[in-house]
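So that you can map any letter, position 54 of the first sequence is 53 in numbering that gives the first Met the number 0, and since no number is skipped, the others follow by simple counting. We treat Cβ as the ideally placed atom computed from N, Cα and C, and that holds for glycine. Below: the structure, in structure tokens.
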Amino acid sequence: MKRTPIKKIFSSGKLGERILVKGWVRTFRNNQFISINDGSTINNIQAVIDSSQTSEDIKAKLNPGASVSVLGALVESLGKGQSFEVQVEKLDILGESDPQVYPLQPKKHSLEFLREKSHLRPRTNTIGSVLRIRNEVAYGIHQFFYERGFYYLNTPIITGSDAEGAGETFRVTNFDIENLPLDEEKKVDFKQDFFGKPVNLTVSGQLEAEAGAMSLGNVYTFGPTFRAENSNTSRHLAEFWMIEPEMAFVELEENIEVAEEMLKYLIKRVVENCNDDLEFLDKRLADEEKTKPEKDRSELGLVEKLKFVLENEFEKISYSEAIDILKNSKPNKKKKFKFPVEWGIDLQSEHERFLVEKHFKKPIVVYDYPKGIKAFYMKQNDDGKTVRAMDVLFPGIGEIIGGSQREEGLDKLKTRMQEMNVLQEDLWWYLELRKFGTAPHSGFGLGFERFVQFVTGMGNIRDVCLFPRFPQHAEF
RNA sequence: UCCCCCUUAGCUCAGUUGGUUAGAGCGGCUGACUGUUAAUCAGUAGGUCCUUGGUUCGAGCCCAAGAGGGGGAGCCA
């Protein structure tokens, strides 16, 4: 007999049928009631044993965390907490769990403590819900692009080019680092390395995706990226996943439209398909908010916030307009900003937060940034000062998407590379995309974990991955 | 990398102006319990007060350095 996932029992279980349930014990109460969770859903199923017919040895092993197999009939429950339960005919302990050392108790644990037990924390309601929602989002991303005729492209994880010229990279080598081969000038001789040149883990698949767009039309990547930056914040990881669509014959305006449409599609999907998990996280967040001082509490609950984003159009403003709003803002006039507002500066967290959370009170898209603070490949506007870049800013997490229309003119691109000290010989192939059949094209990058953070309401990005990677942390 | 905060039982925390024997809830252990819902009831064990050094008659509490954790900033997604 095959086991029935608990999720299936809740959705289509029939009273009277005999079922086999396998999962992990959450609690064992009153010598009778086993609460079992198998990860398929946040909901537990209650299995009822006949205490007098069950050996003391078995009962002593029904501890939190133990894995069990339960065979019995699905019957109407006599108790009030659930409408049905399993009347146990046969119970097997598959794996014991010593309560003296099992770290997860039937009580609330701090997320910091759970982070030290990353291998067990998916068994908690919170992390379990987050990972199920993460899956829903990942699947939704593929479906969104598939439905629109985009091709899923796998760009290399090991690359020879540092895509944006910014961001520390992780070097990849098979050298014996205790004994590096040196050339005549006593420098490391990369000719002897595996690839015959220095290579690193990718920081972005964008440049490679552009090659895809210049042949397949509309493509997207969805894969891991790596940054060796010493970032210690609640929204940075050393290893994270990025979604990077790249579209041929598309200009910035349409790029922004696709970004907004995608974000809403994904949120809608989670709201529709992850009700149980979302409800739990909503309540969790509400409880957490209660412990904060009133002025720091957010006005909307998690589900309310998601629906709010769905129902409202993102505000689109140019960088110059954003600067004007900031200059005329109360905090600026009262000199509350730590960083002065001046055309040409990069928007700081405090500025973004003011625009999103105080001024517009909804997601915003800022476009046409000064060229001096953006990457070399972005298309230059005719004003000579700005580029066709756009950032989508979300409440709570700030920049969730960064994108642009790409410079398709070969000469303009070369000039810009020279100005910004990007080596043309390293990117000869990228330049050839402009030499042969160049075309307007655009794309953007969505930080997967940041988006999952937003839809789950988790405050720390380290709690939306199974085993997060960040400075000094690769235990698991 | 910078700034701020924290570190007391397995977990979450309390611990008064420096004062003698460091507490609670949950969890553990022993026992009871056939309709419980993070079950409940009775009993019980459990501490390198992060580490090192210092001040003091006396330090969980004060000072210094270090370690670990968190929040914020920068970089960005």
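| query | result |
| --- | --- |
| Whole-angstrom C-beta distance between glutamate 135 and asparagine 274, which should lie under 8 Å | Actually they are not in contact, since the Cβ atoms of asparagine 274 and glutamate 135 sit about 11 Å apart, beyond 8 Å. |
| Distance, isoleucine 157 Cα to leucine 28 Cα | Residue 28 is actually arginine in this sequence, not leucine. Approximately 53 Å between the Cα atoms of the pair. |
| Sequence ranges, alpha helix (DSSP H) only - wholly within the stretch 368–443, length at least 4 | 409–418 and 427–434 |
| Residue environment, histidine 118, which counts as buried when at least 16 other CB atoms sit within 10 Å | exposed |
| Per DSSP, the bridge partner or partners of glutamine 34 | It should be pointed out that residue 34 corresponds to serine in this sequence rather than to glutamine. Looking at the DSSP assignment, serine 34 forms a beta bridge with Thr26 and Gln45. |
| 3-residue-minimum beta strand (DSSP E) runs that sit fully inside the stretch 327–369, ordered along the chain | 363–369 |
| Residue from Arg131, Ala65, Gly139 and Gly78 whose Cα sits closest to the Cα of glutamine 104 | Ala65 |
| First and last residue of the uninterrupted alpha helix (DSSP H) at glutamate 55 | 55–59 |
| DSSP bridge partner residues for tyrosine 151 (one or two, in chain order) | Tyr219 |
| DSSP three-state assignment for lysine 476, whether helix, strand or coil | Nothing about residue 476 can be reported from this structure: the residues present for the chain run from 0 to 475 only. |
| Local Cβ density within 10 Å of phenylalanine 453, reported as buried at 16 or more and exposed below that | buried |
| Under 9 Å between C-beta atoms of arginine 25 and asparagine 43 | yes |
| Same chain, Cβ closer than 8 Å to valine 85, neighbours up to 5 away in sequence not counted | Ile18, Val20, Ile44, Gln45, Ala46, Val47, Val69, Gly71, Ala72, Leu73 and Val74 |
| Residues bridged to threonine 72 [DSSP beta-bridge criterion] | For the record, residue 72 in the displayed sequence is alanine; it is not threonine. In the DSSP output, where bridge partners are listed per residue, alanine 72 has Arg17 and Gln86. |
| Same chain, Cβ closer than 7 Å to arginine 268, five either side skipped, listed in chain order | Glu135 and Gly139 |
| Beta carbon of aspartate 462 nearer than 9 Å to that of isoleucine 126 | yes |
| The stretch 240–254 / the stretch 215–227 touching (three or more Cβ pairs under 8 Å) | yes |
| Proximity below 9 Å, CB of leucine 14 to CB of phenylalanine 83 | yes |
| Exposure of tyrosine 376, with buried meaning 16 or more beta-carbon neighbours within 10 Å | buried |
| Environment of asparagine 36 [buried if 16+ CB atoms lie within 10 Å] | buried |
| Supposed close pair tyrosine 150, histidine 141 - CB separation, criterion 8 Å | That pair is no contact at about 11 Å. |
| Host beta strand (DSSP E) of asparagine 199 (start-end) | 198–200 |
| DSSP beta-bridge partners of lysine 315 | Val364 |
| 6 Å CB neighbourhood of leucine 110 in its chain, flanking five on each side removed | Asp462 |
| Residue closest to alanine 212, alpha-carbon to alpha-carbon, out of Asp192, Asn229, Thr154 and Glu177 | Thr154 |
| Beta-carbon spacing of proline 223, glutamate 209 below 9 Å | no |
| Pairwise C-alpha distance: aspartate 410 and methionine 419 | 14 Å |
| Cβ shell of phenylalanine 225 (< 6 Å), same chain only, five flanking positions each side left out | Phe169, Leu200 and Glu238 |
| Cα-Cα separation between isoleucine 8 and serine 34, rounded to whole angstroms | 14 Å |
| Exposure label - arginine 131; buried when at least 16 CB within 10 Å | buried |
| Residue nearest to arginine 2 in terms of C-alpha spacing, selected from Thr455, Val67, Glu250 and Ser328 | Val67 |
| C-beta contact flag for arginine 283 and isoleucine 460 at 9 Å | no |
| Delimiting residues of the alpha helix (DSSP H) encompassing alanine 258 | 251–272 |
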